[in-house]
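In what follows, a single structure is set out as structure tokens and then discussed.
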Amino acid sequence: MSFPIVVLISGSGSNLQALIDQSLQGQLDVKICAVISNKADAYGLERAKLADIPTHTLDHKLFNSREAFDAELQTIIDQYEPKLVVLAGFMRILTETFAKHYEGRMLNIHPSLLPKYKGLNTHQRAIDAAEKEHGVSVHFVSPELDAGSVILQASTEIAEEDTAESLAKKVHSLEHIIYPLAVKWFSEERLTFQEGIALFDKKALPESGILYNQALS
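Numbering follows this note's numbering, with no gaps: position 134 of the sequence shown is 124.
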């Protein structure tokens, strides 16, 4: 039986599409039980509908607190009994209660080489800091923003002519490779989580996780 997951989105859903494509191609043995968005106009909802995946829209603006929104979101997620929750461009700061409820079974992807450049505008910040490389990280979600244990990273060179937009395109292409890979590892129980630490094949990962080129060797 395919491994059940729920995906949360806020936008175009390109990482969702990568998961859908790999599952259809037999590279990823998961069942996307539902896609949930806090924005009704998120194109990722259309991607889900085209793949016959149930969708939900939960507008955060209709709730008077983060706690109330997260409680309702948790109710929707838990009805599907997923073994993993995948944040794929879900642009919400999560409450501590919500993060702890899914501790060790919720992943996020962040467009920087964590712990560098947590938060927003990561591509421009990397350029402004004259970094030589930039990239993307998959990590377990913790109550602190972009601070959970890192699983997997991939990097790209920052060229002299790069802008935030061109760098974002480079990073997106890496995202669509490493996020399905991390989900695959979790579904195969190669990736686990114990006492706040990510483990791969039962060995604790370093702070920067696994580098993508190492993952291929």
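We put the CB at the ideal spot given by N, CA and C, even for glycine.
- Taking every protein chain shown into account, the CB of Gly79 has 16 or more other CB atoms within 10 angstroms, so this residue is buried.
- Boundaries of the alpha helix (DSSP H) harbouring Leu40: Tyr33 to Leu40, taken from the DSSP string.
- Annotation note: the stretch 22 to 81 contains the following uninterrupted alpha helix (DSSP H) runs of length 4 or greater, listed N- to C-terminal: 33 to 40 and 56 to 68.
- The Cβ-Cβ distance between Met96 and Phe130 falls below 9 Å.
- When Lys90, Leu181 and Ser177 are compared, the shortest CA-CA separation from Asp19 is found for Ser177.
- The stretch 97 to 105 makes no contact with the stretch 48 to 56; the number of CB pairs closer than 8 Å stays below 3.
- Assignment of Leu84 by DSSP, reduced to helix, strand and coil, places it in the coil class.
- In the DSSP assignment, Asn98 is bridged to Leu77 and His129.
- Taking all protein chains shown into account, Pro105 has fewer than 16 neighbouring C-beta atoms within 10 Å of its C-beta and is therefore exposed.
- In this structure, the straight-line span from the alpha carbon of Pro(-6) to that of Ser156 is close to 35 Å.
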